[in-house]
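First comes the structure, then the notes that go with it.
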């Protein structure tokens with residue numbers, strides 16, 4: 122069983138615990154296939170997650186003999202690529218990490234969060250929603266009486282349980298991204314790399330850029346140029362990186378290496394109040410309404426998750442992250458491929474992909490999401506690209522129309 126984590130996730134260490142909270146948390150909803158919790162500080166201790174992200178832990182059923190769990194554990198690891206743990210109902214938890222230190226740190230965070238969920242349930246507090254309001258009586262009953270409903274997220278009155286939003290051209294004007302965000306990143310890339318060159322974060326950014334440029338050179342991508350080796354000196358390396366990044370930005374490349382670096386540059390801009398997130402005026406009210414109706418809202422954008430959180434955390438309407446349950450970026454997959462939307466539906470834990478409404482301004486994304494079974498609406502906003510005739514999708518110009 123431990124070997125599954127080593128082989129499938131490249132783990133450096135695995136911890137298995139029979140902690141009481143790991144058992145009891147799987148009993149809160151006897152039929153749930155996932156445990157979910159959002160907006161808790163200790164979520165930041167789980168690899169790849171931030172405070173405003175929704176943490177999802179797959180749950181598999183226990184068996185009389187532990188070795189019989191191997192196949193279901195492997196299936197859960199494969200189905201949840203972002204997970205670093207699997208719960209076994211009425212049994213315990215498996216946690217893995219890059220090292221024993223990382224595995225232990227995450228195990229402590231998981232135990233804390235599971236214990237917190239149990240105590241919140243006892244107090245009638247909803248641990249699954251960003252605002253952590255009171256659990257309504259219907260939800261309490263579903264936790265016991267409806268084994269097919271994960272975490273009581275589904276309501277009988279509505280056929281839609283999750284909303285997934287694109288950003289550019291959907292929640293935010295394209296002009297803000299093209300005329301403000303991109304130029305800011307382009308104009309500050311050299312300054313950022315120079316001032317943070319020796320940090321672990323920037324070393325990782327440079328590593329990803331080197332890998333991307335090598336791939337681009339192999340296939341002849343326009344604008345790609347060799348990155349100077351480390352022994353050429355800091356200035357030479359930075360200059361060669363800047364040339365490649367500028368070409369990537371000009372071509373509007375949707376690649377993780379660029380988006381991650383841009384996110385780090387934008388973080389500085391937001392912290393210094395040189396940038397402020399912009400959303401259409403109907404967006405805040407729609408987010409509030411969806412939350413009040415029990416809908417969970419997520420973002421799926423080609424921009425990094427950090428960049429997404431920065432944008433929604435620093436708007437003229439205040440911090441809108443309180444209305445969002447999680448963020449997806451290109452690490453999930455290309456936005457124009459159906460597989461990416463399948464991965465999202467697996468992460469959100471709906472019974473059927475049709476329970477997810479996806480809103481985007483890009484026809485190819487709409488087609489991919491529809492192929493994965495999502496319901497899709499195309500956003501028509503000022504500055505968006507025109508759509509071909511007879512595209513077959515419902516369109517809106519404001520979230521108030523939904």
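Residue numbers (the numbering used here): 122 to 523. Idealized CB from N, CA, C, for every residue including glycine.
Cut-off 6 Å between Cβ atoms - residues of its own chain near residue i, not counting five sequence neighbours on either side
i: residue 358; result: 349
i: residue 195; result: 125
i: residue 363; result: 310 and 311
i: residue 265; result: Confidence at residue 265 is low in this model, with a pLDDT of 39, below 50, so its placement is unreliable and no value can be given for it.
i: residue 268; result: Here the model assigns residue 268 a pLDDT of 35, short of 50, so the residue's position is not dependable, and the following value carries that caveat. So the list reads 151 and 152, once near-sequence residues are dropped.
i: residue 576; result: The first residue shown for the chain is 122 and the last is 523, placing residue 576 beyond what the model contains.
i: residue 518; result: 501
i: residue 201; result: 179
i: residue 390; result: 305 and 396
i: residue 521; result: 403
i: residue 301; result: none
i: residue 193; result: 181
i: residue 426; result: 448 and 450
i: residue 492; result: 459
i: residue 313; result: 386
Per-residue burial, residue i [other beta carbons within 10 Å of its own, 16 or more giving buried]
i: residue 487; result: buried
i: residue 468; result: buried
i: residue 343; result: exposed
i: residue 447; result: buried
i: residue 278; result: Any reading at residue 278 is ruled out, since the residue's pLDDT is 39, under 50, leaving its predicted position unreliable.
i: residue 132; result: buried
i: residue 128; result: exposed
i: residue 516; result: exposed
i: residue 482; result: buried
i: residue 506; result: exposed
i: residue 512; result: exposed
i: residue 258; result: In this prediction, residue 258 has a pLDDT of 44, which is less than 50 and means its spatial position is unreliable; what the coordinates show is noted afterwards. Exposed.
i: residue 286; result: buried
i: residue 393; result: exposed
i: residue 242; result: buried
i: residue 409; result: exposed
i: residue 498; result: buried
i: residue 466; result: buried
i: residue 331; result: buried
i: residue 405; result: buried
i: residue 339; result: exposed
Residue j beta carbon less than 7 Å from that of residue i
i: residue 387; j: residue 284; result: no
i: residue 523; j: residue 500; result: no
i: residue 323; j: residue 317; result: yes
i: residue 457; j: residue 407; result: no
i: residue 94; j: residue 502; result: Because the chain in this structure spans residues 122 to 523, residue 94 falls outside the shown range and cannot be described.
i: residue 235; j: residue 146; result: yes
i: residue 333; j: residue 361; result: no
i: residue 247; j: residue 256; result: yes
i: residue 453; j: residue 461; result: yes
i: residue 370; j: residue 449; result: no
i: residue 250; j: residue 157; result: no
Own chain, CB closer than 7 Å to residue i, minus 5 neighbours either side, in chain order
i: residue 205; result: 167, 168, 216, 217, 218 and 227
i: residue 209; result: 181, 183 and 190
i: residue 173; result: 160, 430, 442 and 445
i: residue 170; result: 164 and 176
i: residue 123; result: 135
i: residue 367; result: 307
Residues near residue i by beta carbon distance below 8 Å, same chain, minus five either side
i: residue 288; result: 298, 420, 422, 424, 429 and 432
i: residue 213; result: 137, 138, 139, 140, 143 and 144
i: residue 524; result: Outside the displayed span of the chain (122 to 523) sits residue 524, for which this structure offers no information.
i: residue 148; result: 210 and 211
i: residue 509; result: 484
i: residue 224; result: 132, 133, 134, 135, 136, 216, 217 and 218
i: residue 130; result: 198, 205 and 217
i: residue 375; result: 423, 451, 455 and 456
i: residue 162; result: 172
Supposed close pair residue i, residue j - CB separation, criterion 8 Å
i: residue 126; j: residue 198; result: 7 Å
i: residue 496; j: residue 478; result: 5 Å
i: residue 345; j: residue 352; result: Between residue 352 and residue 345 the Cβ distance is about 21 Å, and since that is not below 8 Å, they are no contact.
i: residue 471; j: residue 282; result: 6 Å
i: residue 494; j: residue 294; result: Not a contact, Cβ separation roughly 30 Å.
i: residue 329; j: residue 381; result: 6 Å
i: residue 385; j: residue 326; result: 7 Å
Heavy atom of the ligand NAP within 6 Å of residue i beta-carbon
i: residue 412; result: Of the ligands one can find in the structure shown there are none, so the ligand NAP has no counterpart to examine.
>> Within 8 Å, do at least three Cβ pairs link the region 426-441 to the region 392-400?
In response: These segments touch.
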